[in-house]
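> My questions all concern the structure below.
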Amino acid sequence: QNYQGADLQIGVEITLEDAAKGIKKRINIPTYEECDVCHGSGVKPGTSASTCSTCHGSGTVHVRQAIFQMQQTCPTCHGTGKEIKDPCVK
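In case it helps, UniProt numbering puts the sequence shown at residues 1 to 90.
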């Protein structure tokens with residue numbers, strides 16, 4: 001299963017004059033390669049991820065504040081629905 005990566009934020013400084021001209025800048029964006037040990041699963045070879053014990057695999061939790069109930073990304077699995085007990089060593 002593929003997961004979307006985190007958002008990237010890259011600061012680029014330009015002058016007001018450059019902004020007015022619509023200048024184009026080349027930026028470098030960091031990329032990540034798939035781990036050759038776990039192949040991107042994040043778990044130690046020979047093991048597997050288990051269903052998250054906090055959200056029971058849904059990836060979200062319900063938080064109650066006063067009379068309001070909100071749905072939030074699970075703080076344990078970060079929305080994946082899986083828990084990694086034995087993470088990849090690399």
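Yeah, the Cβ is synthetic: ideal placement off N, Cα and C, and Gly gets one too.
Give me the Cα-Cα distance between G57 and Q71, rounded to the nearest whole angstrom.
14 Å
> What is the rounded straight-line gap between the Cα of C55 and the Cα of T76?
Each residue's CA atom was taken as its position, placing C55 and T76 some 8 Å apart.
> Going straight from the alpha carbon of G11 to that of K85, what length do you get?
36 Å
> Based on DSSP bridge pairs, tell me the residues matched to Q9.
None, per the DSSP bridge assignment.
> Between the Cα of G59 and the Cα atoms of H39, V37, E83 and G46, which residue gives the shortest distance?
Residue E83 is the option with its Cα nearest to G59.
> Among T80, S53 and A49, which residue has its Cα nearest to the Cα of C88?
Checked all of T80, S53 and A49; the closest Cα to C88 is A49.
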